[in-house]
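Engineer: Handing you this structure, nothing more for now.
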Amino acid sequence: MLDHREEMTPLNASTGQLDQTLSVPHSREGSSQGSKTQEYSTMRADDRMMSRSGSEGRSIRLFTSDDPVLSKPLVLTKHVQALLGCSYIGVMLVLGVIVIGMEVNLVEFGNNIGVTTEKISTALISRAVGSIVGSFCSGKILMMHTPHWVILETVILDAVLLLSVPFLTSEIMFQILFFMFGLSIPVSEAAVQFLTCKVHGVQAGPWLQANNIAMWFATMVVPMVHYALGLKHQYFLLSGFTVLVAIALVWVPNPTRTLSSSGGRGGSNVGPSSSASGSEEEA
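Position 161 of the sequence shown, counted from 1, bears residue number 160 in numbering that gives the first Met the number 0, the numbering being contiguous throughout.
As structure tokens, this is what we get:
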């Protein structure tokens, strides 16, 4: 039995030519197939509209259904997944160092700059303010930049800040230091948890648990290091460990770039797409 289709060619008002993009099938099979095609075309049109709606639209594009980095699971080997998971655990260890490592040394900080412990402890308020600001900005930052490189940049910042701790001599410098630490913590944590879910998919549960355990394990180890080494050598060691984590992040493959090489679109960036990827989508 022949499948009859009636081609409708409405007149395009802007060009004055016939628009042959709409077909209305009469059979049941043709109707279901046509509805699926029309639904997919509508989704594609919505995604393109969001990606072209200015600077804000380019950021929103991160969460559209057509972005393979978010809408499709990453195809990675077990070896690569393990490497990425271990590097993210190292980042969480660094965050644990920052959370507790700054609190156990408040008395010595106050002695170094000649202020009371109560006065220097107000730096914890600066860290809390930085954490609030970082929490509000983390989503926007991850939409604008590749999460893997966001983690690397914050870890490098943490290494520099940790190395500078023994040399600070004024209260205002400690206030700025604690604020910067508070700013980096939520951004790093959000990027780590996001990429952990993307890399491991439905099996991300144990890795997320390992991330949390690593962070709180660091809060237990840092006081021991403090009592064993003292203030200056403690921060030299912690800064060196943070540098090793940064080197590991450079060495392990970028999961977004791995997706691109395996045939997905979107390039090595998760944020705003390049002009090449944009032209590929239009094609």
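Using N, Cα and C, we set each Cβ at its ideal position, and we do this for glycine too.
(1) Could you pull out every residue in the same chain whose Cβ sits closer than 7 angstroms to the Cβ of Leu182, ignoring the five residues on either side in sequence?
(2) DSSP three-state call for Ser238: helix, strand or coil?
(3) Do Val198 and Pro254 have their CB atoms nearer than 8 angstroms?
(4) Mapping the DSSP letters down to three states, classify Val93 as helix, strand or coil.
(5) Could you tell me whether the stretch 111-120 touches the stretch 79-93, where touching means 3 or more Cβ pairs closer than 8 angstroms?
(6) What are the boundary residues of the alpha helix (DSSP H) that Pro165 is part of?
(7) Using the Cα positions of Gln202 and Leu83, report the straight-line distance between them to the nearest angstrom.
(8) Can you check the stretch 140-184 for any alpha helix (DSSP H) of at least 4 residues that lies completely inside it and give the ranges in chain order?
(9) Check for me: the alpha helix (DSSP H) holding Gln285 runs from which residue to which?
(10) Here's a check: name, in chain order, each residue in its chain whose Cβ is nearer than 7 angstroms to the Cβ of Tyr87, leaving out the five neighbours to either side.
(11) Report buried or exposed for Ile184, applying the criterion of at least 16 other Cβ atoms within 10 angstroms of its Cβ.
(12) When you compare each of Asn104, Asp157 and Gln233 to Val186 by their alpha carbons, which one comes out closest?
(13) First and last residue of the alpha helix (DSSP H) that includes Thr116?
(14) Beta carbon of Ser125, beta carbon of Phe166: below 8 angstroms?
(15) Which same chain residues end up closer than 7 angstroms to Thr121 when comparing Cβ atoms and leaving out the 5 residues on each side of it in sequence?
(16) Quick one: residues in its chain with C-beta nearer than 7 angstroms to the C-beta of Thr241, no 5 flanking neighbours on either side, listed in chain order?
(17) Pick from His78, Ile212 and Thr116: whose alpha carbon is nearest that of Val106?
(18) How should Met219 be labelled, buried or exposed, when 16 other C-beta atoms within 10 angstroms of its C-beta is the threshold for buried?
(19) Judging by CA-CA distance, which residue of Glu152, Trp148 and Met179 is the nearest neighbour of Ser163?
(20) So, helix, strand or coil for Glu102, using DSSP?
(21) Which of the three DSSP states, helix, strand or coil, is assigned to Asn111?
(22) Does the separation of the CB atoms of Leu230 and Asn104 fall below 8 angstroms?
(23) Is Pro252 helix, strand or coil by DSSP?
(24) What would DSSP say about Thr195, mapped onto helix, strand or coil?
(25) Please report how far the alpha carbon of Gly100 lies from the alpha carbon of Gly200, in whole angstroms.
(26) On the criterion of 16 or more Cβ atoms from any shown chain inside 10 Å, does Val283 qualify as buried, or is it exposed?
Structural biologist: Taking the geometry as given:
(1) The residue labelled residue 182 in the question sits at position 183 within the sequence shown. Closer than 7 angstroms at the Cβ level, and outside the excluded window around Leu182, lie Gly129, Val132 and Gly133.
(2) Your numbering for residue 238 matches position 239 in the sequence shown. In the structure shown, Ser238 sits in a helix (DSSP, three-state: H, G or I).
(3) Here residue 198 refers to the residue found at position 199 of the sequence shown. Here residue 254 refers to the residue found at position 255 of the sequence shown. Their beta carbons are under 8 angstroms apart, which means Val198 touches Pro254 by this criterion.
(4) Numbered from 1 along the sequence shown, position 94 holds the residue referred to as residue 93. Note: Val93 maps to helix in three-state DSSP.
(5) No: fewer than three Cβ pairs fall under 8 angstroms.
(6) Position 166 of the sequence shown holds residue 165. Where Pro165 is concerned, there is no enclosing alpha helix (DSSP H), given that its DSSP letter is neither H nor E.
(7) Counting from 1 along the sequence shown, the entry for residue 202 is found at position 203. Counting from 1 along the sequence shown, the entry for residue 83 is found at position 84. Taking the straight line joining both Cα atoms gives about 14 angstroms.
(8) Runs of the alpha helix (DSSP H) inside the stretch 140-184: 146-163.
(9) There is no way to answer for residue 285, as the model of the chain reaches only from 0 to 282.
(10) In the sequence shown, counting from the first residue as 1, residue 87 sits at position 88. Contacts found: Val191, Leu194, Thr195 and Asn210.
(11) To locate residue 184, count along the sequence shown from 1; it is residue 185. Ile184 is buried by the Cβ-count criterion.
(12) Locating residue 186 in the sequence shown gives position 187, where the first residue counts as 1. Considering only alpha carbons, the answer is Asp157.
(13) Within the sequence shown, residue 116 is the residue found at index 117, counting from 1. Unbroken alpha helix (DSSP H) run through Thr116: Thr116 to Ile119.
(14) Within the sequence shown, residue 125 is the residue found at index 126, counting from 1. Within the sequence shown, residue 166 is the residue found at index 167, counting from 1. For the 8 angstroms CB-CB criterion, Ser125 and Phe166 do not form a contact.
(15) For this step, residue 121 is matched to residue 122 along the sequence shown. Closer than 7 angstroms at the Cβ level, and outside the excluded window around Thr121, lies no residue.
(16) Taking the first residue of the sequence shown as position 1, residue 241 is located at position 242. Result list for Thr241: Val93, Val154, Asp157, Ala158 and Leu161, in chain order.
(17) If you number the sequence shown from 1, residue 106 lands on position 107. When each option's Cα is compared against that of Val106, the closest is Thr116.
(18) Taking the sequence shown and counting its residues from 1, the one referred to as residue 219 is at position 220. Counting Cβ neighbours within 10 Å, Met219 comes out exposed, since fewer than 16 surround it.
(19) As a working mapping, residue 163 is identified with position 164 in the sequence shown. Checking every option, the nearest Cα to that of Ser163 belongs to Met179.
(20) Position 103 of the sequence shown holds residue 102. In the three-state scheme derived from DSSP, where H, G and I count as helix and E and B as strand, Glu102 is classed as coil.
(21) Position 112 of the sequence shown, counted from the first residue, corresponds to residue 111. Asn111 falls in the helix class under three-state DSSP.
(22) Residue mapping note: residue 230 aligns to position 231 of the sequence shown, counting from 1. Residue mapping note: residue 104 aligns to position 105 of the sequence shown, counting from 1. For Leu230 and Asn104, yes; Cβs fall inside 8 angstroms.
(23) Within the sequence shown, residue 252 is the residue found at index 253, counting from 1. Three-state result, Pro252: coil.
(24) To locate residue 195, count along the sequence shown from 1; it is residue 196. The answer is helix: DSSP assigns Thr195 an H, G or I state.
(25) What you label residue 100 is simply residue 101 of the sequence shown in a count that begins at 1. What you label residue 200 is simply residue 201 of the sequence shown in a count that begins at 1. So the alpha carbons of these two residues sit roughly 32 angstroms apart.
(26) The chain is shown only over 0 to 282; residue 283 falls outside these bounds and no answer can be derived.
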